[in-house]
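Residue numbering for the sequence shown follows the working numbering, beginning at 64 and increasing consecutively. Here a beta-carbon is modelled for each residue, glycine too, at the ideal position from N, C-alpha and C. Since the structure is predicted, the reported quantities are computational estimates derived from the model, not experimental observations. Let me begin by presenting the structure, written as structure tokens, before commenting on it.
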Amino acid sequence: MKEKKIAGMILLLALVFAMVIECFSHRQKLDAEGGITAFNTGWQWIDGGEEKAEVTLPANLEISPGDVLVLKNYVPEDFLLNSGIVFRSRQQSVEVYVSGKLIYAYPEEKLEGGVLPSNWNFVKLPAKCQGEELVIKLFSPFRGFSGGMEEVYYGNYNELLLFIMRQQLPIFLLSIFIGITGMAVVLLAVIFRKYHLYRYQDMQGIVMILASLWLCGESRMLVFFLGIETKYYITVAALVLMPVFLYAYLCARWRNLYSKFTRKLFYISIFLGSLILGLAAAGVKNFIEMLVPIHILVAAALVYTIWMYIRAFQLNKGYILRSEMFCIILIAVGGVAEIIIFYIMRGILVGTYVRTAILIYALNLLRVSLLISYRGLRERMELKEQLQKSRIDLMTSQIKPHFVYNTLNSIRTLIRIDPEAAYKAVYDFSTYLRGNLNSMEGRETIPFSEELKHVEAYVNIEKIRFEDRVQVEFQIETKSFQVPSLSVQPLVENAIKHGVCKKIEGGTVWVKSYETSEHYVIQVDDDGVGFDMEAMEKQETGQDKDHTSLGLKNIRFRIWALLRGAMEIYSFPGEGTRVTIRIPKSTKEEQP
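The following block contains the structure:
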């Protein structure tokens with residue numbers, strides 16, 4: 064699928080961008096390593112140098128965007144060795160003063176791209192500063208984050224680090240597990256792709272990985288190995304790219320259900336996602352300023368996905384599809400709840416509802432993938448046994464004793480009257496036998512050119528017996544493709560024996576090959592006696608089986624099983640027969 068290739072290129076470009084931005088990112092300086100107490104009372108809101116109100120944290124104070132929020136308190140009297148405070152800023156720059164002296168600033172220097180990510184602020188307090196004035200200044204250019212101040216914790220600096228990590232670990236692990244599940248699904252898709260078991264699950268897995276990256280970034284967990292900017296860009300870019308891979312998944316899964324419209328949405332999401340990321344990278348717009356369009360982009364993709372699931376479920380009410388649709392609706396409900404909370408509570412980030420819903424979806428996806436793998440491998444083993452049996456049946460059916468005897472008798476006669484023709488006949492007969500015996504070597508498919516040699520050898524042998532009654536014309540335009548062994552020669556044999564040879568005057572068989580934009584096509588036509596198609600259908604459905612119908616059914620089965628191709632037969636009594644084989648140029652995709 065072209066959409067999957069484009070989505071793969073976008074993923075590669077996103078990974079390259081993440082590595083590049085990491086090279087220029089700044090890391091928060093932490094000394095590293097809980098007697099932790101809440102330090103949320105006694106704060107004074109200072110406005111214009113005057114104490115305006117006493118504040119209990121967390122709080123959202125009404126100040127204008129671009130104004131500085133100033134909060135004042137005093138360092139606790141029970142001052143501990145290596146004491147510090149910690150609080151989280153939300154899209155805000157931070158300055159902390161003790162007795163008028165600046166002891167902490169975030170960011171310490173201008174960040175790449177002019178971004179201002181949310182951040183845990185670990186502030187080490189100076190020695191012997193108990194009772195001294197402590198001032199925190201916060202500034203945000205965004206209305207939704209101006210005036211916000213979260214809880215403050217006080218205690219040993221190293222213990223504060225461990226306290227925050229333990230506090231955020233459950234949510235972070237939940238987010239990580241979603242990504243691990245997605246990677247497992249992608250791995251299964253890669254491993255079992257050669258067995259035609261997967262067509263779209265890899266895109267589902269990538270969506271889960273992107274969701275995990277977004278949720279990990281929003282989990283507030285301390286991530287020391289990534290720069291501040293890298294973490295920020297990865298978090299938002301993962302959210303922006305999710306619709307792209309979601310539409311790619313829908314294109315790959317339901318190719319015949321609103322495929323043109325879905326493909327248009329796929330390209331629109333690429334354009335809008337690229338525009339959002341480009342504006343942010345160029346410093347024209349901040350991600351926070353584009354938060355509403357980002358949410359609309361993601362919400363639209365989710366709504367369309369639900370619609371596609373509903374339509375697909377109406378057409379095919381399978382258990383797997385039902386479970387997936389239930390999970391998708393859970394995600395939608397959780398997403399709506401989180402968006403409402405985000406805008407009502409002014410910047411509270413995605414929480415438990417969405418994570419839980421996505422985790423349920425990811426676990427169900429892993430369950431479905433494992434089920435597909437198990438069923439597919441079992442069916443593959445059964446199919447392999449059927450193919451082996453069909454290959455043996457077809458090979459043994461082609462080496463008919465009377466054909467061998469007739470050919471040897473013809474060669475014997477030629478030895479006396481035309482040694483040169485006898486020499487050539489022996490070569491053709493050996494080529495014919497070799498082609499039949501080679502089908503037992505285990506090669507599932509062979510080049511069409513090899514099958515063509517087998518056909519030509521058979522035709523040359525039959526022309527010794529039937530002479531001018533049988534004419535065979537080859538119109539070969541392409542040979543560069545694979546076919547199952549013994550797939551064309553039996554068709555030519557049927558055309559000669561059951562078609563033209565049943566006419567007193569004989570007839571002609573045409574063997575053609577050509578290609579279209581999507582298929583390689585082989586045609587075997589004859590102007591023989593033809594047959595009744597209804598009688599043929601009865602034979603194939605088992606109501607009136609004979610050797611010929613079994614042979615054709617065998618060939619049709621092998622063409623589908625090995626190459627996902629199709630064989631069509633058209634015939635009319637007295638007019639002849641046409642057999643058409645169509646082999647897809649791309650045979651690695653699972654059929655719908």
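Separation of residue j from residue i, as counted between CA atoms
i    : j    : result
V157 : I373 : 48 angstroms
K191 : I166 : 14 angstroms
G591 : Q545 : 28 angstroms
R418 : T298 : 15 angstroms
R385 : A364 : 19 angstroms
L360 : E113 : 44 angstroms
R619 : A629 : 7 angstroms
K327 : K115 : 55 angstroms
S548 : I539 : 18 angstroms
I632 : V642 : 5 angstroms
H561 : L625 : 27 angstroms
P647 : T368 : 29 angstroms
E96  : F185 : In this prediction, E96 scores a pLDDT of 41, lower than 50, which makes its location untrustworthy; no coordinate-derived value is stated.
H582 : K542 : 13 angstroms
G218 : L120 : 17 angstroms
F492 : T470 : 8 angstroms
Y263 : W106 : 55 angstroms
V574 : R316 : 37 angstroms
N136 : S146 : 16 angstroms
Proximity below 8 angstroms, CB of residue i to CB of residue j
i    : j    : result
G569 : F537 : no
V286 : G194 : no
M305 : V270 : yes
Q57  : S203 : Outside the modelled stretch of the chain, which goes from 64 to 655, sits residue 57, for which no answer is possible.
I527 : A488 : yes
E213 : F150 : yes
V518 : C564 : no
I99  : Y216 : yes
S127 : L201 : no
I148 : V133 : no
D265 : A252 : yes
L174 : E292 : yes
L302 : I357 : yes
V555 : Y577 : no
A375 : G245 : no
G346 : G176 : yes
S436 : F255 : yes
A485 : L496 : no
Residue burial classification, residue i (beta-carbon count within 10 angstroms, cutoff 16)
i    : result
E638 : exposed
K294 : buried
I644 : buried
F635 : exposed
D588 : buried
E281 : buried
S238 : buried
R621 : buried
N319 : exposed
I585 : buried
P553 : buried
S512 : exposed
W183 : buried
V366 : exposed
V248 : buried
Y490 : exposed
F102 : buried
Reduced DSSP category for residue i - H, G, I as helix; E, B as strand; rest coil
i    : result
K187 : strand
I585 : strand
Q193 : coil
L132 : strand
T415 : helix
R645 : strand
I351 : coil
Q545 : strand
D265 : helix
W573 : strand
N123 : strand
N182 : strand
W681 : The structure shown does not extend to residue 681, since the chain is modelled only from 64 to 655, so the question has no answer here.
E631 : strand
A345 : coil
G410 : Residue confidence for G410 is low, a pLDDT of 46 falling below 50, so the modelled location carries little weight and cannot support an answer.
Supposed close pair residue i, residue j - CB separation, criterion 8 angstroms
i    : j    : result
V131 : Y160 : Incorrect: roughly 12 angstroms between the Cβ atoms, too far for contact.
L313 : M371 : 5 angstroms
L335 : M353 : Going by Cβ atoms, the distance from L335 to M353 rounds to 10 angstroms, so no, they are not a contact pair.
Closer than 8 angstroms to chain C by CB, residue i
i    : result
E483 : No chain C appears in this structure, which consists of one protein chain only.
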